[in-house]
Amino acid sequence: MSVAARAKRSSERWRTVLVAILTFALLAVFVVRLADIQLVRAEALNAEADGRRGVTQTIFGTRGPIVDANGTVLAESVDRWDLTISPRYTRDLQPGIDRVDETLTVGDALVQIGAITGQDPVDLQAKILAELERNPDSDYLLLVDGLDVSQFEAVRDLGLPYVYLRLNPQRVYPAGSVAGNLVGFMGADEPLAGIERSEDECLSAEDGARVFDRGADGTPIPGSMTTRPAIDGGSVQLTIDADVQFQMQQLTQQYTSQLRARSGTSIVMRADGTIVAVAESSTVDPNDPTASDSRDRGSRAFTAAYEPGSIFKAFSFAAMLDLGIITPRDELSVPWTYTAPGVRVRDALSHEVKQWTAAGILVNSSNSGMVRLAEPMSTADYYDYLDRFGFGERSAVDFAGEQSVALRNPANLDAQTQLNVLFGQGIAATPIQLASAYQALANGGVHLPARLIAGCTDAEGEVTAPEVGEGERVVSDTTARQTLEVLENVVTDYGYDTFPIEGYRIAAKTGTAQMAYEDGSGYDPNRMMISVAGVFPVDDPQFVVLTMYDSPQTIRTSGGAIPAFHDMVNLLIRHFDIPPSTTQQPEIPLEWTADQP
Amino acid sequence: MTSLSVLDLHAQPLPAPEAPAERHLKALPSPRVAPRRAPRLVHGVIALAGLAGIVCAQLGLSVVISEGAYRMSALQAESTSLARAEQSVAEELAVLSSPQHVAVAGAELGMLAGQPSQFLTLATTSTAGGPDALHMQVPAVDGFGMYVPNSLLTAQPQVAASVAQVQAATIEPYPGMLLPAGESAAAIAAAAPAAAQDVEPTAVAPTTVAPTTIAPGTLLPAPGQE
């Protein structure tokens, strides 16, 4: 073989090898690149691609409404828009460049916006200038918030390229302060009070999203859209009646101003424990909660416990009847004070020794008489009754911020407090607990849990009603009836002709309770809580009414609350068309005369 | 040496063929080749037309689909706008049917609470009246405004006017009356007729600035001008 041939052959081989190496190298580069794109950076690149073409829109779910027993809307969500602006891109619009027929300066645009939203255009401009002063490259400024539909459409039709309208759903309360104390209100993005807060789980919505690729003009490219629908919040139905609630609020407010009281609270409850109205003065308007005093933003009926005073005697009396210690006709001689070693109880007013029956003691609200009647009853037994009446625990409503006042251990009470508890001192209760305890008397002695929420209907129409406990028998049917019959005499024989309503059998008990100082250092002689609690009609009890006024100035005894109670019962009779009673009030002697020897 | 040659050694001589056997294989007459037909024009046209048809169909289909997308987009926009209109009307209705508005509007029309129902008692063949009168019956609105306020109603021109009227009527200024700072008796007296004028539904929110009061472009130098 010649040298030349060998050299030629060698160079040919080298070329082949070189080409092969280059080919493989190129292939390797491609493979690496492919793996890099498809596997290593796949997610980032996909995201980037989606970002360039793809659009994600949030679909806002609607927070559910709150309605009353008849479906009247008390709270609902509505669409509102925020007008935001990009300060650094504000410019005059020119015909030819922008879609305008003639030059539209920023000033003109602000004048138009001001005319739509009712604001001073100079203020708007000042805001923009201030923002540019702060940051010349500023791209965002919230100019006006809370635009409604017509304002939104008007601003949108101006077609300003530097304006962006952002959807910002808001909560409105069409009935204003009707039941504002119960419904509560929303903060910037979370519920702050009332049903809004306690039923948030039912009401709150879940936002959805719509992802799609868009063409140059923003139209979704067919087939590219994936939608995760929003889930609207459920609707909460309350047991209250908005019309009754309005009238009760009106009455409570009127009597509060007439009595010059610090506040007033009224509760109407059906005999089955459902709440018809909880009226308070003053009541927050949830549309504008900051306009109210912070003390008025909740519901005192649930959150403010106080020493109830004489309206509590009904429960002591019922307990003694049920234990068989007394009958309404028991005869006693009642002086105005009661003294025993280490204890002293006085009636509100001094009086000579009275020949009262047990019924007469309750009707005349004698503290010393109650203590004499209760001598055979042990405090532990009495506290068992109070426990079953629902004192010492939160009501079944479990209202946001509701107070529970634990019952004290009867074994630890001093001798004086053991007696005071019989007429509602030395024990605290919330107004709702008191109404709920009277409900047991209205319901033949069976205490049913107080209820404010009828149910939650979710977006698919499925109704969840809150679990209602069985109810508990507190006293016998006879005891409940006898107690109400005795209390009827308070309405007819207590000396107030503003009390009774002719033709209707109404049982009620008044109370003038002393108020303790905030620091607990005794009773404030200048503060009284006057109240009336009652049940009607006695022959077929349907409603419990409780009304109370804190620190009245014009009439400082329970007589001040009696006309209010009368008017509330009156309105309920009119509203629900309750027929007059068909039975007569039984004769129960309140006094007795000693047989002359 | 091959195995074949070994076989040959032992082989018996075969009898010689007597006659040459007839040949089994013979050459076929060469086939008459048909002259290759020239491709006809119509086939080409059909093929091309088919191709064009497919392209056109595809084009048309995609046009229809994107047309559908535009229509859908437009309909969705319309549906959104209608939903907004519905919501706005429903919202207004809810405010108008609020107990406060019903009470104020009823009072405005001079309506009073009706008589309570009468009941027939079959046993005694007598009628029984409902409850007696209320001890206190005050209108929903008095000099201090609404007892049960509703801030949404203040935007209602009619209600606002009605409240303003009641308030103006309550505060009759008299000589020597102490007035809030910055107010004169004349201003309060003027409030009542002003409120009456506001009843017209054309009344606009008082804060609205009429665009005509400002000459376009003169008052507000636009920021960001170069």
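Protein sequences, first through last, are from chains U and Y. In the numbering used here, each number is its position in the first sequence, counted from 1, plus 682. In the numbering used here, each number is its position in the second sequence, counted from 1, plus 1269. Backbone N, C-alpha and C fix where the C-beta goes; we use that ideal spot for every residue, glycine too.
7 Å Cβ cutoff, residue i in contact with chain U
i, result
"Y/GLU1361", "no"
"Y/ILE1334", "yes"
"Y/ALA1484", "Confidence at Y/ALA1484 is low in this model, with a pLDDT of 35, below 50, so the placement of that residue should be treated as unreliable; the coordinate-derived value is given next. For Y/ALA1484, the answer is no, since every Cβ of chain U falls outside 7 Å of its Cβ."
"Y/VAL1435", "no"
"Y/ALA1321", "no"
"Y/GLN1345", "no"
"Y/ARG1301", "no"
"Y/ALA1326", "no"
"Y/VAL1364", "yes"
Proximity test, Cβ basis, 7 Å: residue i and chain Y
i, result
"U/PHE1338", "This structure gives no information on residue 1338 of chain U, because the portion of chain U shown stretches from 683 to 1279."
"U/ILE1183", "yes"
"U/PRO1223", "no"
"U/ASN817", "no"
"U/THR1180", "yes"
"U/VAL782", "no"
"U/PRO971", "no"
"U/VAL1157", "no"
"U/PRO1262", "yes"
"U/PRO843", "no"
"U/ASP967", "yes"
"U/GLN1267", "no"
"U/VAL831", "yes"
Host beta strand (DSSP E) of residue i (start-end)
i, result
"Y/ALA1376", "Note, Y/ALA1376: premise wrong, no beta strand (DSSP E); alpha helix (DSSP H) at 1368–1377."
"U/PHE1218", "1205–1218"
"U/SER820", "Taken as a continuous stretch (DSSP letters only), U/SER820 belongs to no beta strand (DSSP E), as it is neither H nor E."
"Y/ALA1321", "First-last for Y/ALA1321: 1310–1365, but that is the alpha helix (DSSP H), not the beta strand (DSSP E)."
"U/LEU785", "This sequence places Thr at residue 785 of chain U; Leu is not what is there. It is not in any beta strand (DSSP E) - U/THR785 carries neither H nor E in the DSSP assignment."
"U/MET1002", "Looking at the DSSP string, U/MET1002 is not in any beta strand (DSSP E); the run it does join, the alpha helix (DSSP H), is 995–1005."
"U/GLY1051", "Careful: U/GLY1051 lies outside any beta strand (DSSP E), inside the alpha helix (DSSP H) at 1049–1055."
"U/ALA1198", "1189–1198"
Residues bridged to residue i [DSSP beta-bridge criterion]
i, result
"U/THR1146", "U/CYS1138"
"U/ASP1232", "U/SER945 and U/MET1211"
"U/ASP954", "None, per the DSSP bridge assignment."
"U/LEU1254", "Its beta-bridge partners do not exist; DSSP assigns none."
"U/TRP1038", "U/LEU1014 and U/GLU1273"
"U/THR1021", "U/ARG1026"
"U/TYR846", "U/THR766"
"U/GLY841", "Its beta-bridge partners do not exist; DSSP assigns none."
"U/GLY917", "It is Ser, not Gly, that sits at residue 917 of chain U in the sequence shown. BP columns for U/SER917 point to U/THR1139."
"U/GLN932", "DSSP lists no partner for U/GLN932."
"U/LEU1044", "Partner(s): none; U/LEU1044 has no beta bridge."
"Y/ILE1390", "It should be noted that the sequence gives Thr, not Ile, for residue 1390 of chain Y. Note: Y/THR1390 sits in a beta bridge opposite Y/SER1395."
"U/LEU806", "U/LEU806 pairs with nothing; no bridge assigned."
Among the options, the one whose alpha carbon lies nearest that of residue i
i, options, result
"U/GLU962", "U/GLN935, U/LEU1005, U/ASP1096 and U/GLN852", "U/GLN935"
"U/ASP1232", "U/VAL1220, U/CYS1138, U/SER948 and U/LEU1166", "U/SER948"
"U/GLU1034", "U/LEU765, U/TRP1018 and U/TYR937", "U/TRP1018"
"U/THR1280", "U/ALA726, U/ALA702, U/ASN863 and U/ARG745", "Summary: the structure shown does not reach residue 1280 of chain U, with chain U confined to residues 683 through 1279, and so no result is reported for it."
"U/GLY1106", "U/ALA707, U/THR1192, U/ASP774 and U/GLY916", "U/THR1192"
"U/VAL804", "U/ASP821, U/LEU825 and U/GLU784", "U/LEU825"
"U/ALA1062", "U/ALA1040, U/ALA1093 and U/VAL1227", "U/ALA1093"
"U/ASN1091", "U/GLY1074, U/THR787 and U/VAL958", "U/GLY1074"
"U/ILE1114", "U/TRP1274, U/LEU1134 and U/ALA1097", "U/LEU1134"
"U/ASP967", "U/PRO1262, U/LEU864 and U/ALA983", "U/LEU864"
"U/TYR1067", "U/PHE997, U/VAL926 and U/THR908", "U/PHE997"
"U/ILE645", "U/LEU1253, U/PRO1131 and U/PRO911", "Residue 645 of chain U lies beyond the residue range present for chain U, which begins at 683 and ends at 1279; the question has no answer from this structure."
"U/GLY796", "U/ASP827, U/ALA702 and U/PRO818", "U/ASP827"
"U/LEU1166", "U/GLU730, U/ASP1221, U/GLU1200 and U/GLN1196", "U/ASP1221"
"U/LEU847", "U/VAL854, U/ALA857 and U/SER832", "U/SER832"
Segment limits, alpha helix (DSSP H) that includes residue i
i, result
"U/GLN1164", "1159–1175"
"U/TYR1067", "1061–1070"
"U/ALA757", "Run containing U/ALA757: none in the alpha helix (DSSP H); it sits in the beta strand (DSSP E), 755–760."
"U/ASP1280", "Not covered by the structure: residue 1280 of chain U. The range shown for chain U is 683 to 1279."
"Y/ARG1306", "First-last for Y/ARG1306: undefined, no H or E at that position."
"U/GLY1324", "This structure cannot speak to residue 1324 of chain U, because chain U is shown only from 683 to 1279."
Report the residues of the segment 1403–1427 of chain Y with a CB closer than 7 Å to any CB of chain U, ordered along the chain. From the segment 1403–1427 of chain Y, only LEU1403, HIS1404, MET1405, VAL1407, ALA1409, TYR1416, VAL1417, PRO1418, ASN1419, SER1420, LEU1421 and LEU1422 have a Cβ closer than 7 Å to chain U.
Members of the segment 846–872 of chain U near chain Y, C-beta cut-off 7 Å: VAL854, PRO856, ALA857, GLY858, SER859 and VAL860
Quick one: which residues of the segment 903–936 of chain U get their C-beta closer than 7 Å to a C-beta of chain Y? List them in chain order. PRO904, ALA924, ASP925, PHE928, GLN931, GLN932, GLN935 and GLN936
Give me the subset of the segment 1229–1256 of chain U whose CB atoms are less than 7 Å from a CB atom of chain Y, sorted by chain position. Correct list: PRO1245, HIS1248, ASP1249, ASN1252, ILE1255 and ARG1256.
Anything in the segment 758–782 of chain U with a Cβ closer than 9 Å to a Cβ of chain Y? List those residues in chain order, please. Answer in chain order: GLU758, VAL760, ASP761, PRO769, ARG770, TYR771, THR772, ARG773 and ASP774.
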